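Some notes on the structure that comes next.
Chains as they are written, first to last, in the working numbering: chain A, 165 to 279; chain B, 585 to 829.
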């Protein structure tokens with residue numbers, strides 16, 4: 165069978181997209197002291213065949229795109245997911261009204277990849 | 585359905601923050617300046633790709649990813665003690681159950697900040713003051729009539745020289761706080777303050793004129809206002825993976 169090439173424009177290739185989370189939007193502004201929000205980002209886009217190096221694909225993802233190109237209905241493309249995240253510190257009041265500073269890992273998407 | 589999903593998602597996220605529910609808005613405490621400084625430093629460091637160990641609290645020199653200012657939920661036990669002039673006792677209680685079982689306690693430091701009420705303090709006492717501070721661990725508390733009787737053991741006794749405006753005292757209570765995490769082991773602390781006016785020129789005049797009894801020690805002397813906080817640093821190993829791994 166011949167591979168099916170789907171047109172993929174640079175704009176819909178898997179990459180980090182901008183997402184600013186404002187704590188006020190989820191009603192948490194009364195107990196989160198700082199920050200008021202942060203740039204969380206998210207991953208979105210396609211993992212097309214052939215996977216370029218910039219898409220940080222695993223060997224499994226490369227093979228999956230190959231199979232997907234042969235059978236687009238039976239095998240999905242690999243998923244576009246965060247592969248590098250960074251932490252965020254938050255200052256907030258807990259349920260006992262204590263002031264807490266906490267360091268949270270994996271809060272900001274820095275890099276995406278096809279997995 | 586969507587509303588329920590939102591609540592479930594929120595609960596999952598709050599659980600990951602170590603919260604049982606969304607904290608209720610209240611008359612919130614002031615944020616300690618040291619926490620603001622730490623927050624600003626860590627926020628700046630997060631933008632630095634060459635960051636050092638993110639789970640090290642360099643201000644206290646211990647490992648941890650959570651710093652809490654646990655507030656004192658105790659109360660004044662007695663105003664002026666009969667056993668000495670210028671004594672005051674305060675029962676302190678720090679709720680250590682706010683720490684999740686998975687958290688490893690790295691540090692518990694008691695910070696007592698003293699502040700003189702300049703309007704109520706006699707002028708001749710506005711010089712440096714010596715303050716005896718005794719700290720007792722409450723082993724057992726029993727209710728007798730309307731008052732509590734605390735069976736206690738002396739943890740620390742020391743003298744602090746206070747400047748006219750303010751002063752502070754820092755005590756390491758890590759070992760004690762470890763023990764408080766065991767169920768039924770946290771009866772709190774009793775803090776006893778005793779004021780000893782340091783001989784200044786003003787008090788010497790009183791002494792030389794044989795007016796020592798005129799020095800209004802007792803209920804007319806105001807002990808400094810004080811505020812106690814327990815700084816607790818802990819590490820949640822699930823949320824603070826080693827960078828080497």
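Glycine is no exception: its CB is placed at the ideal position from the N, C-alpha and C atoms.
All figures in this text were calculated on a predicted structure; none of them were measured in a lab.
Check                                                                                                                                                                 : Outcome
Tell me the DSSP bridge mates of residue 656 of chain B?                                                                                                              : Note: residue 656 of chain B sits in no beta bridge, so no partner.
Starting from residue 642 of chain B, trace the alpha helix (DSSP H) in both directions and tell me its first and last residue.                                       : Looking at the DSSP string, residue 642 of chain B is not in any alpha helix (DSSP H), and its letter there is neither H nor E.
Assign residue 686 of chain B to buried or exposed, taking buried as 16 or more other Cβ atoms, counted over all protein chains shown, within 10 Å of its Cβ.         : exposed
Can you look up residue 799 of chain B in the DSSP assignment and give me helix, strand or coil?                                                                      : The pLDDT assigned to residue 799 of chain B is 46, lower than 50, so where the model puts this residue is not dependable, and the model offers no usable value.
What does the alpha-carbon distance come out to for the pair residue 200 of chain A and residue 241 of chain A?                                                       : 37 Å
Measure the alpha-carbon distance for residue 601 of chain B versus residue 618 of chain B and round it to whole angstroms.                                           : 21 Å
So, do the region 235-249 of chain A and the region 188-199 of chain A have three or more beta carbon pairs nearer to each other than 8 Å?                            : no
Mind checking who residue 208 of chain A pairs with in its DSSP beta bridge?                                                                                          : A:179
According to a CB-to-CB cut-off of less than 9 Å, which residues of the region 249-263 of chain A neighbour chain B?                                                  : 250, 251, 252, 253, 254, 255, 256, 257, 258, 259, 260, 261, 262 and 263
Give the DSSP bridge partners of residue 266 of chain A, in chain order.                                                                                              : A:254 and B:650
What do you get for residue 590 of chain B, buried or exposed, if any count of 16 or more other CB atoms within 10 angstroms of its CB means buried?                  : exposed
So, at 6 Å on beta carbons, what are the nonlocal neighbours of residue 811 of chain B in its own chain, with the 5 sequence-adjacent residues on each side left out? : 697
State the Cα-Cα distance for the pair residue 256 of chain A and residue 262 of chain A, rounded to the nearest angstrom.                                             : 8 Å
Which residue wins for smallest C-alpha separation from residue 682 of chain B, given the options B:724, B:759, B:644 and B:766?                                      : B:766
Could you tell me if residue 776 of chain B is buried or exposed, where buried requires 16 or more neighbouring beta carbons within 10 angstroms of its beta carbon?  : buried
Please confirm if residue 757 of chain B has its CB atom under 8 Å from at least one CB of chain A.                                                                   : no
Which residues does DSSP list as the beta-bridge partners of residue 721 of chain B?                                                                                  : B:737 and B:773
I want to verify the contact list: residues of chain B whose CB lies under 7 Å from the CB of residue 268 of chain A, in sequence order.                              : 823
State buried or exposed for residue 587 of chain B, treating a residue as buried only when at least 16 other CB atoms are found within 10 Å of its CB.                : exposed
Just checking: is the beta-carbon of residue 197 of chain A within a distance shorter than 8 Å of some beta-carbon in chain B?                                        : yes
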